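Following: one structure in structure tokens, then a few remarks.
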Amino acid sequence: MRPIRPGDRGPAVAEIRTVLAGLELLAADGRADDYDAQTERAVRAFQQSRGLSVDGRVGAETWRALDAARWRFGARALYHAIGEPLTGEDVRALQERLLEMGYDVGRADAVYGIRTSRAVAQFQREMGLKPDGSCGPHTVNALRRLGRKVVGGRPQWLRESDAIRQAGPALVGRTVVIDPGHGGTDPGVVVPDGALRWSEADLVHDLASRLEGRLAAAGVRVQLTRGPAPLTCLPDADRAQLANSLGADVFISLHTDGYANPEADGVATYHYGTDNGVTSATGERLAGLVQREIVARTGLRDCRTHAKAWDLLRLTRMPAVRVELGYLTSPRDRSRLVDPRFRDRVVEAIVAGVQRMYLPIERDVPTGSIDVRELRAIVAAGTVVD
């Protein structure tokens with residue numbers, strides 16, 4: 012869909028304003044179908060609260076989030092529907108409630124899938140309710156009466172950390188999905204440079220191909236979400252679904268950034284998280300490791316890690332990060348990104364970050380100290396470090 016922007020009018024704008032008014036982000040006055048300055052401010056506030064890109068426009072992802080925001084926990088019965096699962100803020104509220112009580116729903120992705128249904132059934136069984144996996148009035152009331160079940164640490168953090176520890180420290184045999192952003196009809200950030208024209212889609216595909224080679228040499232099974240010249244741009248939700256269907260252990264999405272001010276520069280890494288503290292624990296750790304390795308090995312400005320609820324991060328079931336590898340609109344960053352040797356350093360930093368995620372915390376190593384060539388040597392020798 013074409014993003015709905017300030018200045019637009021029509022039924023879609025009226026629907027957006029209705030949802031925003033229901034969330035108490037927008038007064039009910041003004042022209043009902045006019046995307047005015049007040050509506051733009053409300054959209055930006057909504058995007059900020061939901062961990063979305065704050066641009067004041069209603070694209071496909073913001074539209075889905077607005078549609079989900081209509082539902083409040085307890086307003087409808089929730090159940091696992093095959094084919095077209097229920098989604099909404101009420102589903103996310105249920106998942107977050109179950110997580111803080113110690114039940115395993117996976118990620119609080121606002122989708123009522125089989126894992127959420129099983130967690131609800133387990134809760135119902137323990138409460139003496141009919142364990143049908145559906146969340147109706149009796150289950151809602153039982154959830155509201157109870158406090159936290161688990162104390163002394165975040166249950167999901169403990170669960171995810173234990174899964175990483177059980178997997179062992181070696182990269183051999185892992186499955187990593189690499190996502191070169193954009194592609195096809197969407198070139199991403201495009202910057203003319205004399206007789207040349209640099210596009211985000213082309214640069215990140217080159218980076219992804221180099222990363223594929225480095226990881227494969229370390230014994231990793233690697234899958235890219237697209238080729239160098241796809242006909243269309245795959246939606247983020249489909250990229251996440253591809254990673255899920257492959258049973259990936261790690262998902263890495265590569266992008267470059269752009270901004271009107273050419274002074275904006277630096278690298279930032281994103282992981283799944285919401286405004287109320289729910290986060291992917293291993294995704295957050297992977298983001299921190301990748302970010303620190305890239306900064307140490309490349310000298311790019313450290314724009315730190317951030318939690319976001321983008322579809323790409325919310326719908327993946329494994330540790331997932333999106334890395335913004337500098338600004339193509341910055342002459343300083345661009346001169347580095349177009350250098351193949353620099354891109355090799357970026358790739359080695361990402362490989363080192365992935366390797367460190369699998370090391371037990373007590374055996375972690377200093378940033379910048381892993382030699383990626385040693386990982387290849389270990390595979391070549393047919394040995395695995397334990």
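Here the sequence shown is numbered in the working numbering, starting from 12 and rising by one per residue.
Where a beta carbon is used, it is the ideal one built from N, C-alpha and C, also for glycine.
As the structure is a prediction and not an experimental result, all values here were calculated from the model.
(request) Please go through the same chain and pick out, in chain order, the residues whose beta-carbon is closer than 8 Å to the beta-carbon of GLY21, but skip the five residues on each side of it. (result) ASP44
(message) So for HIS11, helix, strand or coil by DSSP?
(response) The chain is shown from 12 up to 397; residue 11 falls before or after that span and cannot be answered.
(message) Comparing C-alpha positions only, which one of GLY294, VAL151, ASP350 sits nearest to VAL334?
(response) GLY294
(message) If you follow the beta strand (DSSP E) that GLY337 is in, where does it begin and where does it stop?
(response) 331 to 338
(request) Using alpha carbons as the reference points, say which of GLU373, ALA271, GLY144 lies closest to PRO342. (result) ALA271
(request) Give the straight-line distance between the Cα atoms of ARG296 and ALA80, rounded to the nearest whole angstrom. (result) 29 Å
(message) Please classify SER64 as buried or exposed, where buried requires at least 16 neighbouring CB atoms within 10 angstroms.
(response) Under this definition SER64 is an exposed residue.
(request) Would you list, in sequence order, the uninterrupted alpha helix (DSSP H) runs of no fewer than 4 residues that lie entirely inside the stretch 269 to 311? (result) As far as the stretch 269 to 311 is concerned, its whole alpha helix (DSSP H) runs of at least 4 residues are 292 to 309.
(request) State the DSSP-derived secondary structure class of SER220, mapped to helix, strand or coil. (result) helix
(message) With three or more beta-carbon pairs closer than 8 Å as the criterion, would you say the stretch 307 to 319 touches the stretch 250 to 261?
(response) no
(request) Would you tell me roughly how many angstroms separate the C-alpha atoms of ARG28 and THR50, rounded to the nearest one? (result) 7 Å
(request) Go ahead and pull the three-state DSSP assignment for ALA229. (result) Reduced to three states, the DSSP call for ALA229 is coil.
(request) Report the residue from TRP321, ARG352, GLN135, LEU257 whose alpha carbon sits nearest the alpha carbon of ALA71. (result) TRP321
(request) Could you say which of THR378, PRO371, ALA363, ASP375 lies nearest to ARG446 if we only look at CA atoms? (result) Summary: the structure shown does not reach residue 446, with the chain confined to residues 12 through 397, and so no result is reported for it.
(request) Leaving aside the five residues before and after ASP101 along the sequence, list all residues of the same chain whose C-beta is less than 8 Å from its C-beta, in chain order. (result) TRP82, ARG83, PHE84, GLY85, ALA86, ARG87, LEU89
(request) Could you name the residues that DSSP lists as bridge partners for PHE262? (result) VAL188, ALA331
(message) Please tell me whether ASP276 and ASP344 are closer than 8 Å, where the distance is taken between their beta carbons.
(response) yes
(message) Using C-beta distances below 7 Å, list every residue in its chain close to VAL116, excluding the 5 sequence neighbours before and after it, in chain order.
(response) GLN106, LEU109, LEU110, ARG126, THR127, ALA130
(request) On a CA-only basis, which of ILE263, SER210, ARG208, PRO241 is nearest GLU223? Give me that one, please. (result) ILE263
(message) Taking only three categories from DSSP, how would you classify ARG237?
(response) coil
(request) Flag this pair as yes or no: are the beta carbons of ALA119 and ARG136 separated by less than 8 Å? (result) no
(message) Between which residues of its own chain and PHE434 is the CB-CB distance below 7 Å, once the five residues before and five after are set aside?
(response) Beyond the ends of the chain as shown, which are 12 and 397, falls residue 434; an answer cannot be given.
(request) Label ILE372 either buried or exposed according to how many other C-beta atoms from any shown protein chain fall within 10 Å of its C-beta, with 16 as the threshold for buried. (result) With fewer than 16 other Cβ atoms inside 10 Å of its own Cβ, ILE372 counts as exposed.
(request) Output yes if chain C places a C-beta closer than 8 Å to the C-beta of LEU169; else output no. (result) The structure shown has no chain C; it contains just one protein chain.
(message) Distance check for GLN366 and ALA53, CA to CA, integer angstroms please.
(response) 42 Å
(request) Could you name the residues of the same chain whose beta carbon sits closer than 7 Å to that of THR378, not counting the 5 residues immediately before and after it, in chain order? (result) ARG303, GLU304, ALA307
(message) Please tell me whether THR243 and GLY195 are closer than 8 Å, where the distance is taken between their beta carbons.
(response) yes
(request) May I ask you to report which of helix, strand or coil DSSP gives VAL116? (result) coil
(message) Just to confirm before moving on: does the CB-CB distance between ARG356 and LEU348 stay below 8 Å?
(response) no
(message) Our contact map puts VAL278 next to LEU323 with C-beta atoms below 8 Å; I'd like the distance itself, whole angstroms only.
(response) Contact annotation, VAL278 with LEU323: C-beta distance approximately 18 Å; criterion of less than 8 Å not satisfied.
(message) One question on the structure: do LEU212 and GLY230 come within less than 8 Å of each other, judged by their Cβ atoms?
(response) Looking at the sequence itself, residue 212 is Ala, so the reference to Leu does not match. Not closer than 8 Å, so no.
(message) Do ALA153 and GLY144 count as a contact pair if the criterion is CB distance below 8 Å?
(response) No, these two residues do not count as a Cβ contact at 8 Å.
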